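Before any comments, here is the structure.
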């Protein structure tokens, strides 16, 4: 029943109830009519037979001849009841004679033995039984035709008589009645189906409207309301739905206002922090250049200030990037790039060549945002280096119209309870390490950059050991950014190249900082401001 719609179930229930009622009524009517027809027919035939047997055997001598018995049988059969007669009695000269009115149809073999035994059995006469012999009857079937067989013995030593009456006419009448009742049952079933359809439409129309309204409400159309009429249960349900929708709309408006205020606060705070942070950064760069000439007791404090200032700058830029994603203002700047070259540039810019194994064939061209792809790769590879361990293997392949990049490390893997949360913002795998080198935003930003391309990132543990991050992107993201098609010319390529250069060169502009949100540690080797020095950070596992 659960696989059927409510309309079909209502129609089925109506049909079953109507069918049960019609079959019950038809069955009762058929059996009542059948009993009445057969009782009337057999009573009329038996009464006529009794009277005819009494009248015709009264004129016979005590020992009639066989011809006299035959004449009596023919007279008895010549009635309006149209039955055949068989008379059996003792005749002159000794012996018994069987005189049938129709020798081809009615003989003594036709009469059941049980009926013959009952007819000739003499009963004791007393107050409750006035006659020694009685009239008995039984229904039989000969060659597919129903018959009524009756018999009685004449009291006082007369012959024994049997009748055979065909019930074919009664059977035809009963068959006609059965067909009529069957047709009536079918009509009742059709009528019940139509009635069920009408009832279902009446009941289900408000339910359907309620379902449509709930669907629109689920799609975000919180101003959806139902028109209420009547005072029945469905009307009460519609009123409840309207009240619920109104309360939900108010609640969502409140939450939306709070969320917008929170986003504005984060954006404003990040923007306001950038001005003093720029000055602090300039001072820390001077301090970093003079670190070698400082007092050895002061140098650790200076290095700590420099690293924490850079970490604060990265955190501010991360917050700005997250704010852009939440506000829906992040846009793609598309360009056609060789994926192998892009991955190589990302690794080379961060001096990770010695720690990363690259399995990428040249010639895999994809149309995407190079800067955002660099952000994703920097976060995934850096995260693998920081938490997993080298060598980190990066494999690039195609799957139909999709580009698949797998980043696998050789570390202990990700705990099962952490896997569902690795892309959560500010998530820390261990409560005992609330402060770490990463902000906990790197993997979240990488996932958002994948989503804006129409792709996905998944995290799992490899059967061979270590964690595997799988990035899946469409090879052509043009359909997701139709406005960027005009930028695919020289200007777009120049901007993409500039963004990629900023990501690899360790610049301090907003675009460069956003591009360097990776999951790895700062490498110790390389010059202070050269390509080998990038402020990379990411989420903790």
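In this note's numbering, the protein residues as written are 148 to 688. No residue lacks a Cβ here, since even glycine has one placed at the ideal position from N, Cα and C. Keep in mind that this is a model prediction, so the values were computed, not measured.
CB contact check: residue i to chain C, cutoff 8 Å
| i | result |
| --- | --- |
| residue 242 | No chain C is part of this structure, which consists of one protein chain only. |
Member of the options whose CA lies at the smallest distance from the CA of residue i
| i | options | result |
| --- | --- | --- |
| residue 297 | 263, 381 and 365 | 263 |
| residue 364 | 390, 347, 383 and 380 | 390 |
| residue 566 | 252, 454, 204 and 606 | 606 |
| residue 140 | 454, 547, 238 and 563 | The question about residue 140 has no answer here: the residues shown for the chain are numbered 148 through 688. |
| residue 244 | 219, 414, 294 and 224 | 219 |
| residue 432 | 443, 345 and 450 | 450 |
| residue 507 | 488, 386 and 300 | 488 |
| residue 597 | 613, 587 and 517 | 517 |
| residue 730 | 324, 164 and 231 | Beyond the ends of the chain as shown, which are 148 and 688, falls residue 730; an answer cannot be given. |
| residue 328 | 275, 178, 613 and 495 | 178 |
| residue 216 | 479, 307, 229 and 571 | 307 |
| residue 361 | 384, 347, 171 and 346 | 384 |
| residue 542 | 203, 202, 443 and 490 | 490 |
| residue 396 | 366, 408 and 170 | 366 |
| residue 497 | 511, 526, 412 and 512 | 526 |
| residue 348 | 154, 230 and 437 | 154 |
| residue 282 | 444, 290, 198 and 443 | 198 |
| residue 613 | 594, 572, 603 and 533 | 533 |
| residue 530 | 499, 509 and 547 | 499 |
Assigned secondary structure, residue i (DSSP; H/G/I helix, E/B strand, else coil)
| i | result |
| --- | --- |
| residue 310 | strand |
| residue 300 | strand |
| residue 284 | strand |
| residue 385 | helix |
| residue 484 | strand |
| residue 514 | strand |
| residue 503 | strand |
| residue 526 | helix |
| residue 428 | helix |
| residue 404 | helix |
| residue 293 | strand |
| residue 623 | strand |
| residue 617 | strand |
| residue 394 | helix |
| residue 327 | helix |
| residue 606 | strand |
| residue 439 | helix |
| residue 113 | Examination of residue 113 is not possible in this model, given that the chain is present from 148 through 688 alone. |
| residue 379 | coil |
| residue 569 | coil |
| residue 371 | coil |
| residue 317 | helix |
| residue 335 | helix |
| residue 667 | Unreliable placement is indicated for residue 667, whose pLDDT of 35 sits below 50; the coordinate value is still reported in the next sentence. In the structure shown, residue 667 sits in coil (DSSP, three-state: anything other than H, G, I, E or B). |
| residue 366 | coil |
| residue 534 | helix |
Nearest-angstrom beta carbon gap, residue j and residue i [assumed within contact, 8 Å]
| i | j | result |
| --- | --- | --- |
| residue 468 | residue 592 | 6 Å |
| residue 540 | residue 555 | 5 Å |
| residue 600 | residue 515 | 6 Å |
| residue 625 | residue 481 | 6 Å |
| residue 293 | residue 269 | The pair is not a contact, with the Cβ atoms about 31 Å apart (cut-off 8 Å). |
| residue 557 | residue 535 | 7 Å |
| residue 311 | residue 266 | Rounded, the Cβ-Cβ distance is 14 Å, inconsistent with contact. |
| residue 453 | residue 435 | 5 Å |
| residue 369 | residue 404 | Not quite, the Cβ-Cβ distance comes to about 14 Å (not below 8 Å), so this is no contact. |
| residue 622 | residue 513 | 5 Å |
| residue 195 | residue 228 | 5 Å |
| residue 309 | residue 233 | 4 Å |
| residue 288 | residue 173 | Going by Cβ atoms, the distance from residue 288 to residue 173 rounds to 24 Å, so no, they are not a contact pair. |
| residue 280 | residue 300 | 4 Å |
| residue 573 | residue 590 | Not a contact, Cβ separation roughly 11 Å. |
Mind listing, in chain order, the continuous beta strand (DSSP E) runs of no fewer than 3 residues lying wholly within the stretch 536–564? 539–546 and 549–555
Answer yes if the stretch 610–628 comes into contact with the stretch 544–555, meaning at least three C-beta pairs across the two stretches below 8 Å, and no otherwise. yes
Does the stretch 184–193 come into contact with the stretch 343–356, if we say contact requires no fewer than three beta-carbon pairs (one atom in each stretch) closer than 8 Å? no
To test your reading of the DSSP string, which unbroken beta strand (DSSP E) runs of 3 or more residues are found completely within the stretch 441–469? none
Does the stretch 367–385 come within contact of the stretch 418–435, defined as at least 3 CB pairs closer than 8 Å? no
Beta strand (DSSP E) runs contained entirely in the stretch 152–220, provided each spans 3 or more residues: none
Does the pairing of the stretch 497–514 with the stretch 457–465 give three or more beta-carbon distances under 8 Å? no
Validate contact between the stretch 323–342 and the stretch 155–164 using beta carbons, cut 8 Å, 3 pairs: yes
Using 8 Å as the cut-off, can you tell me whether the stretch 320–328 makes contact with the stretch 175–184, which would need three or more C-beta pairs spanning the two stretches below that distance? yes
What alpha helix (DSSP H) runs, 4 residues minimum, are completely inside the stretch 233–276? 260–267
Specify whether the stretch 243–262 and the stretch 207–223 touch according to this definition: at least 3 beta carbon pairs, one from each stretch, less than 8 Å apart. yes
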